[in-house]
Structures are given as structure tokens and as C-alpha cells.
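Enquirer: Pasting a structure here, questions to come.
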Amino acid sequence: MSHPTLRIGRIAYLNVWPLFTLLAPTIDANPHMDCVSGHPSELNAALSRGEIDVAPASAFAYLANPEGFALLPDLSISAAVAPIQSVLLVSPVPVDELGGYLRRTGDTVLLSQASASSNALLRVLWRGHWKLPDAAWSMTAPGTGLCTDRPFVEIGDTALSYYLDPPAGRHIIDLGEAWHAFTGLPFVFAAWIVREGLGAARREALSGMWNRLMEIKAGLPQRLDELVESGGRPDWIGAKALANYLRGVSYDLGPDRQASLLLFAHHCRELGLLDAVPGLRWQAV
């Protein structure tokens, strides 16, 4: 029998905190909605296993495996323009010194186990924008890169804390800002990915959720300052810094972001990270 509850994945980062804070009453009031948290790669895997039905998950995951999935229209997690502040390359040296540094110390660069999109973005920028020599790509757990002498990808709240208070001896390279410098477009880190084949109750709940998210998105610029002052934010970030960060996050998926997503896919295909550039298929809501 079809599962009647729409299982919603929530990224456990501040970049979606306003959306889910304002969406929570809708989820709590609807017996056909439930919510689970995880970092982007965990949500990607849960979608693939059918354990959740919809989530703002890594855009790269959709590009790599679009079969059986669709995108909710007009919703993303992307850079408003640049920088994004919470998707970083943290490096012992500036970008223009990385080639020499890796030749001296070994060519390993650490990618994040938490994010498919950010890892692929770094590899695109590495080759296409910075023209750096090939690296040996290895994976590391979130929050462990500072224990090494390697350049590493960090995302989410840990990355934001590094951006606001850079660790001694490390250079902070904002990957959203670098993509904008490379292409002139805002980068799309996550899209709202939906499993196909949902039953009637879940489709109805999905439509209600999407409509509420569109209302939240439209009203958020006017409510943001009030929201960050109302409590619920972590102690390590002040209200002003959080509001400034969230103004750099966009939840749109308009023509410029769709173009950016497909351009990203094109570069990934050139690097052999994707077999082909897929079309963008939209969920009816």
C-alpha cells in the first residue's frame, strides 16, 4: 500500500533555517507530512533509497541521476549573486600559489563527504577558471580539514564560521564567488528534488508544501530581520551576521539559475563527472 505521509528532507544547515522555521507550522498541522534532517549527501542517498520523497538536495545529484526524479519549480538554494559564505575552499596558500604548494607538499586536495555539488564545483573551477594542474582528489569528513595541511572543501555552518572568523594561517576562497567570477552567473547548490510515483495523498501534501514555500519565499525579505531576532539561531553567530549571510542566499530557480545549472552540467560533462547534460524536468504542483 502507498505510504500516505510525504517525507520531507531538511538540510541541517542555516541556509534553509528561514524556510523550515516558517514552514514548520504547516508540517506540524498536516498529518500527511513528516520531516527528517541530514546533510546534503545524506539526503541524496535517502532520496535514492526511497526513504524520503522530497528534499532540497545537491543539484549535482539530480544532474548525475535524473531518472525517477523531478524538480519543484521556482525553488533552489543558490547564491543571491556572490559570495555565498558557506561553501569554501580552505587553503594553506592563496589560489595563485596552489600549484607550487601542491608540487612541494603532495598533490592531494580534500573534498567533502557532505556535498556532491560543492566537490564538483571545485573541480570545475580548478580546471576551467584557475587553470591549476591536476590534483589527487580524496574525501574527508566534515569539520576535519583543519587537522591536515591540505586544501579542503568545507560547507554549511562550519564553513560559515570559518568565513566569519578565518582560521589562522588559512586562506578562504568562496566557491560561489569564484563561479560568479568565472561565468557571471549565480551558482545553484541545491534544488528541491522529488521522487516520482508519489500517491495521491502525498501529491496533495506536496502541492500544499510548495504553495506555502512560495509564500514564504515572497515574504522573506520583509520578515528576515524580525526572524533572526526572534530566537532559534545558534549562539556562535549574531543576528546581524546571520541576516547578512541569509541575504546572500537565494531560493529562486529562475532563468538565470536554470542557465547556471545547465552550464555547470556542461563543464562537469567535459571533466567526465557526468555522462551527459540532462534536461530539467519539473514536478506538477
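Heads up: the sequence shown begins at 362 in the numbering used here, then just goes up one per residue.
Note that the Cβ used here is the ideal one computed from N, Cα and C, for glycine as well.
None of the values given here were measured: they were computed from a predicted structure.
(1) CA-CA distance, R594 and T519?
(2) Report the rounded CA-to-CA distance for S478 versus D389, giving the unit in angstroms.
(3) Taking DSSP's pairing of strands, which residues face V610 in a bridge?
(4) Rounded to whole angstroms, what is the Cα-Cα separation between P453 and H532?
(5) Tell me M500's beta-bridge partners as DSSP assigns them.
(6) Nearest CA to the CA of L380: which residue from M575, G599 and H628?
(7) With which residues is M394 paired in a DSSP beta bridge?
(8) Starting from V415, follow its DSSP beta bridges and name the residues at the other end.
(9) Over the uninterrupted alpha helix (DSSP H) stretch that includes H627, give me the two end residues.
(10) Hey, would you say R371 sits closer than 9 Å to S409, going by beta carbons?
(11) Leaving out five residues on either side along the sequence, give the residues of the same chain with a beta carbon under 6 Å from the beta carbon of L326.
(12) Restricting to runs no shorter than 4 residues, where is the alpha helix (DSSP H) found entirely within the segment 523–592?
(13) According to DSSP, which residues form a beta bridge with F513?
(14) For a quick check, are the C-beta atoms of N480 and I438 less than 9 Å apart?
(15) Roughly how many angstroms lie between the CA atoms of H541 and Y423, to the nearest whole one?
(16) Would you say the segment 498–506 touches the segment 468–476, given that touching needs at least three Cβ pairs under 8 Å?
(17) Tell me the rounded alpha-carbon separation between K601 and D435.
(18) I'd like to know whether the C-beta atoms of V415 and V555 end up nearer to each other than 9 Å.
(19) In three-state DSSP terms, what is P640?
(20) Which residues does DSSP list as the beta-bridge partners of F430?
(21) So what does DSSP say about D495, is it helix, strand or coil?
(22) Go to G460, then tell me how far its alpha helix (DSSP H) extends in each direction, as first and last residue.
(23) According to DSSP, which residues form a beta bridge with G506?
(24) State whether the segment 508–522 contacts the segment 441–459, with contact taken as three or more CB pairs (one from each stretch) at a distance under 8 Å.
(25) Near R618, what residues of its chain come up, given a Cβ to Cβ distance below 8 Å and the 5 sequence neighbours on each side ignored?
(26) Three-state secondary structure (DSSP) at D389?
(27) Whole angstroms are fine: how far does the CA of L614 sit from the CA of T466?
(28) With distances taken between CB atoms, is the gap from L521 to Q446 smaller than 9 Å?
Expert: Well, looking at it:
(1) Within the sequence shown, residue 594 is the residue found at index 233, counting from 1. Within the sequence shown, residue 519 is the residue found at index 158, counting from 1. If I take the Cα positions, the gap works out to 14 Å.
(2) One-based indexing of the sequence shown puts residue 478 at position 117. One-based indexing of the sequence shown puts residue 389 at position 28. Cα-Cα distance, rounded: 30 Å.
(3) By 1-based counting over the sequence shown, the position of residue 610 is 249. In the DSSP output, where bridge partners are listed per residue, V610 has A440.
(4) Along the sequence shown, one-based indexing puts residue 453 at 92. Along the sequence shown, one-based indexing puts residue 532 at 171. The straight-line gap from Cα to Cα measures roughly 6 Å.
(5) The sequence position of residue 500 within the sequence shown is 139, counting from 1. Looking at the DSSP output, M500 shares a beta bridge with L472.
(6) The residue you call residue 380 lines up with position 19 of the sequence shown. It is M575 whose Cα lies nearest to the Cα of L380.
(7) Against the sequence shown, residue 394 aligns to sequence position 33. Answer by DSSP bridge pairing, in chain order: L367.
(8) Translated into the one-based positions of the sequence shown, residue 415 becomes position 54. V415 pairs with I369 and V555.
(9) Looking up residue 627 in the sequence shown gives position 266. Counting along the chain, the alpha helix (DSSP H) containing H627 begins and ends at P616 to E631.
(10) Stepping through the sequence shown from its first residue, residue 371 is reached at position 10. Stepping through the sequence shown from its first residue, residue 409 is reached at position 48. With respect to the 9 Å criterion, R371 and S409 are not classified as neighbours on the basis of their beta carbons.
(11) As shown, the chain starts at 362 and ends at 646. That puts residue 326 outside it, with no answer to give.
(12) Qualifying alpha helix (DSSP H) stretches, in chain order: 536–544 and 561–590.
(13) Counting from 1 along the sequence shown, the entry for residue 513 is found at position 152. F513 is bridged to V451 and L471.
(14) For the purposes of this step, residue 480 is identified with residue 119 of the sequence shown, where counting begins at 1. For the purposes of this step, residue 438 is identified with residue 77 of the sequence shown, where counting begins at 1. No.
(15) Translated into positions along the sequence shown, residue 541 becomes position 180. Translated into positions along the sequence shown, residue 423 becomes position 62. It is roughly 21 Å from the alpha-carbon of H541 to the alpha-carbon of Y423.
(16) Touching, per the Cβ criterion.
(17) On the sequence shown, position 240 is the one that residue 601 refers to. On the sequence shown, position 74 is the one that residue 435 refers to. About 27 Å.
(18) Translated into positions along the sequence shown, residue 415 becomes position 54. Translated into positions along the sequence shown, residue 555 becomes position 194. It is a contact, given that the beta carbons lie within the stated cut-off.
(19) For this step, residue 640 is matched to residue 279 along the sequence shown. Per the sequence shown, residue 640 should be read as Gly rather than Pro. The answer is coil: DSSP assigns G640 none of H, G, I, E or B.
(20) Here the question's residue 430 lines up with position 69 in the sequence shown. DSSP, once it has assigned bridges, lists R556 as partnering F430.
(21) In the sequence shown, the residue the question calls residue 495 occupies position 134. Looking at D495 - three-state DSSP - the assignment turns out to be coil, as it is neither helix nor strand.
(22) As a first step, residue 460 must be located in the sequence shown, where it is residue number 99. Note, G460: alpha helix (DSSP H), L459 to T466.
(23) Indexing the sequence shown from 1 puts residue 506 at position 145. According to DSSP, G506 bridges with nothing at all.
(24) Flag = yes, the segment 508–522 and the segment 441–459 touch.
(25) For the purposes of this step, residue 618 is taken as the residue at position 257 of the sequence shown. Result list for R618: S437, S439, L546, P547, V549 and S611, in chain order.
(26) Start at 1 with the first residue of the sequence shown, and residue 389 comes out as number 28. Secondary structure of D389 (DSSP, three-state): helix.
(27) Here the question's residue 466 lines up with position 105 in the sequence shown. Here the question's residue 614 lines up with position 253 in the sequence shown. Straight-line Cα distance between these residues: approximately 41 Å.
(28) For the purposes of this step, residue 521 is taken as the residue at position 160 of the sequence shown. For the purposes of this step, residue 446 is taken as the residue at position 85 of the sequence shown. In terms of Cβ geometry, L521 and Q446 form a close pair [threshold 9 Å].
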